[in-house]
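Colleague: Residue numbers (our numbering), protein chains in the order written: chain A, 2 to 322; chain B, 274 to 546.
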């Protein structure tokens, strides 16, 4: 292990030395400037200079907005330090938006996770019609990228008040589907979100499922384990970090979704992203500090999910390379 | 033993087939519905009237054009920022690779609404003219697509032997600029195409930033006409979905034919919704 690292470092140094020599050969430079180059090369931070544009860009357009968000949420609107806005997140009305968003995300993550796992298993083990596999694989990649406005309108055309299925059900039974199952209701949103969550799950866990070796099953069976025991004692422990990580990603994915929910409910859904949208567009009292607190709260929830995912995924790589 | 397992896989293939066909049919329902909703009128049956109506709308052409322009500018800007940075990282500053990569995944944990809110807070006061220009969306779109583009380009650079190529090129007398344009870029073709197509579809579908920063793009137009012309919105949505499908399946088809096990890393990076 250590010697391997040393060898790779040594060859790295060697290659770098050669690259430098090659540069020196290719550019006939005067002795003075060569000496200066050598001197500059010894300065530790010199090579980081080339990264300045990248770091500056990220600093201005990503980190600055994040910092502005957090800073504003920790100050009141007159500019003094205050936790009032963060505490206000706990008020009934806003807490319920957070809980509702989390419930929506959790339900779509767990349901989408289970169904997506089934699809991934079918994709990984389907033997004969290869065309079915490749069609569904490409379909999954595309559907997992869908979302936003077009998906919302597709579902309004399906189960909206004038939708194809709504009308078909009404013609057949005389019963109005939208009375108990409106597309803008909680379960309506669940169905729409599942349209991208299921394929997303399938694509996320497919590599892990394809990493399962046939030998593991054979050795388990030869040691006397039944199929069920093989599933619970071998496969699930190996796959569970990958599954858990993917489910957390689905959670974060639907937690931050805005466009689909907005287009379906016309802004009526009690979800945190929609609330923030109202604060930004000034449809409610302009309380900058509290709008920022909502955004900060969202980032906290998602960061938590992603940190958990990171820890889980690190465990996955132990078995499935 | 082998006999039973062969029978086992054979019979299971039927179950898998059923699972996949069912999933495919369920996935097709909203598409069929929006086709039948968007391309028919109640009394006339099949009709292109709703779509023609929407396309004739004064908002359609400029807003589609706006989205296309933004997508192209985003691709150009993120390539101009990321390709030199990544080449530099791999050649000269490998120590900084982990930090640069860690920064590139931050957009993961920042929902688009939070990014808009932060951008409003940071720039509305300090540089009032900036956010009112529609092109102020470009840097934020670069940020939104950053995890995607960064990983695609990084994977492309890791797949080629950058150092040897550079040395060989230098030993044949080529300067760094020529090496970059005639050696490195052509070798990155596949990665560049992947990154470009993915960020193209993403920017074309982006709604949150555009609407909350009060700019008019294609998704914003779609929502506008959706309010009083749902049939046109459904038809245009179907066209958008099928278009996205064609672009992305060109991508996966190519990826699958080359190496079947490596799926594009894109799906975990969606921000369109």
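Every residue, glycine too, gets a C-beta built ideally from N, C-alpha and C.
Using a Cβ-Cβ distance under 9 angstroms, would residue 489(B) count as near chain A?
Modeller: So no, residue 489(B) is outside the interface.
Colleague: Quick test of the definition: if touching needs 3 or more C-beta pairs under 8 angstroms, does the region 379-395 of chain B touch the region 59-69 of chain A?
Modeller: They touch, by the three-pair rule.
Colleague: Residue 90(A) by DSSP, collapsed to three states: which one?
Modeller: Correct three-state label for residue 90(A): coil.
Colleague: Considering only DSSP beta bridges, list what residue 82(A) is partnered with.
Modeller: In the DSSP output, where bridge partners are listed per residue, residue 82(A) has 76(A).
Colleague: With DSSP as the reference, label residue 319(B) as helix, strand or coil.
Modeller: DSSP places residue 319(B) in strand when its eight states are reduced to three.
Colleague: Roughly how many angstroms lie between the CA atoms of residue 360(B) and residue 422(B), to the nearest whole one?
Modeller: Those two C-alpha atoms are separated by around 14 angstroms.
Colleague: I want to see whether chain A comes within less than 9 angstroms of residue 317(B), judged by CB atoms only; does it?
Modeller: No - not a single Cβ of chain A is within 9 angstroms of the one on residue 317(B).
Colleague: Between residue 510(B) and residue 200(A), which are expected to be in contact by the criterion C-beta below 8 angstroms, what is the C-beta distance as a whole number of angstroms?
Modeller: Rounded, the Cβ-Cβ distance is 18 angstroms, inconsistent with contact.
Colleague: How about residue 289(B) and residue 127(A): are their beta carbons less than 9 angstroms apart?
Modeller: Contact: yes.
Colleague: Return the CA-CA distance between residue 222(A) and residue 481(B), expressed in angstroms with no decimal places.
Modeller: If I take the Cα positions, the gap works out to 52 angstroms.
Colleague: Does the beta carbon of residue 426(B) come closer than 9 angstroms to any beta carbon on chain A?
Modeller: By this cut-off, residue 426(B) is not an interface position.
Colleague: In angstroms, rounded to a whole number, what distance separates the CA positions of residue 48(A) and residue 57(A)?
Modeller: Spanning the two alpha carbons is a distance of roughly 15 angstroms.
Colleague: Straight-line CA distance for residue 139(A) to residue 220(A)?
Modeller: Computed Cα separation, rounded: 34 angstroms.
Colleague: Can you tell me where the alpha helix (DSSP H) holding residue 393(B) begins and where it ends?
Modeller: Here the alpha helix (DSSP H) through residue 393(B) covers 385-399.
Colleague: Whole angstroms are fine: how far does the CA of residue 187(A) sit from the CA of residue 261(A)?
Modeller: Cα to Cα, the separation comes out at about 13 angstroms.
Colleague: Counting C-beta neighbours from all protein chains within 10 Å, is the total for residue 158(A) 16 or more, i.e. buried, or is it exposed?
Modeller: Buried is the call here.
Colleague: Below 8 angstroms on the Cβ atoms is my contact criterion, and I expect residue 502(B) with residue 335(B) to pass it. Report the Cβ-Cβ distance as a whole number of Å.
Modeller: At roughly 18 angstroms, the Cβ-Cβ gap does not stay under 8 angstroms, so residue 502(B) and residue 335(B) are not in contact.
Colleague: Give me the Cβ distance between residue 252(A) and residue 110(A), rounded to the nearest whole Å; I'm assuming they're in contact under 8 angstroms.
Modeller: Their Cβ separation, rounded to whole angstroms, is 4 angstroms, which keeps residue 252(A) and residue 110(A) in contact under 8 angstroms.
Colleague: Could you confirm whether any beta carbon from chain A is found closer than 9 angstroms to the beta carbon of residue 480(B)?
Modeller: At least one chain A Cβ lies under 9 angstroms of residue 480(B).
Colleague: Which one of 499(B), 394(B) and 351(B) has the shortest CA to CA distance from residue 68(A)?
Modeller: Comparing Cα positions, the closest option is 394(B).
Colleague: Along the chain, where does the alpha helix (DSSP H) that runs through residue 222(A) open and close?
Modeller: Note, residue 222(A): alpha helix (DSSP H), 215-223.
Colleague: Taking residue 242(A) as the reference, which of 314(A), 119(A), 161(A) and 51(A) has the closest Cα?
Modeller: Measuring from the Cα of residue 242(A), the nearest candidate turns out to be 314(A).
Colleague: For the region 155-173 of chain A, which residues have a CB atom closer than 9 angstroms to at least one CB atom of chain B, in sequence order?
Modeller: Within the region 155-173 of chain A, the residues whose Cβ lies closer than 9 angstroms to some Cβ of chain B are 155, 156, 157, 158, 159, 160, 161, 163, 164, 165 and 166, listed in chain order.
Colleague: Compute the distance between the beta-carbons of residue 247(A) and residue 197(A), then report whether it is under 9 angstroms.
Modeller: No; because the gap between Cβ atoms is not below 9 angstroms, this pair is not in contact.
Colleague: Quick one: which unbroken alpha helix (DSSP H) runs of 4-plus residues sit fully inside the region 197-261 of chain A? Chain order, please.
Modeller: The region 197-261 of chain A contains these whole alpha helix (DSSP H) runs: 215-223, 228-231 and 237-256.
Colleague: Under 9 angstroms between the Cβ atoms of residue 113(A) and residue 185(A)?
Modeller: Taking 9 angstroms as the Cβ cut-off, residue 113(A) and residue 185(A) do not qualify as a contacting pair.
Colleague: Around the C-beta of residue 215(A), are 16 or more other C-beta atoms found within 10 angstroms, so that it is buried, or is it exposed?
Modeller: Classification for residue 215(A): exposed.
Colleague: Where does residue 434(B) land, buried or exposed, given buried means 16+ other C-beta within 10 angstroms?
Modeller: Result: exposed.
Colleague: So with Cβ pairs under 9 angstroms, would you call residue 242(A) a contact of chain B?
Modeller: It does not: the Cβ of residue 242(A) has no partner Cβ on chain B nearer than 9 angstroms.
Colleague: Under 9 angstroms between the Cβ atoms of residue 165(A) and residue 515(B)?
Modeller: No, Cβ-Cβ distance for residue 165(A) and residue 515(B) is not below 9 angstroms.
Colleague: From the beta carbon of residue 333(B), is the nearest beta carbon of chain A less than 9 angstroms away?
Modeller: By this cut-off, residue 333(B) is not an interface position.
Colleague: What are the residues of the region 413-446 of chain B that lie near chain A, defined by any Cβ-Cβ distance shorter than 7 angstroms?
Modeller: Residues 413, 416, 436, 439, 440, 443, 444 and 446.
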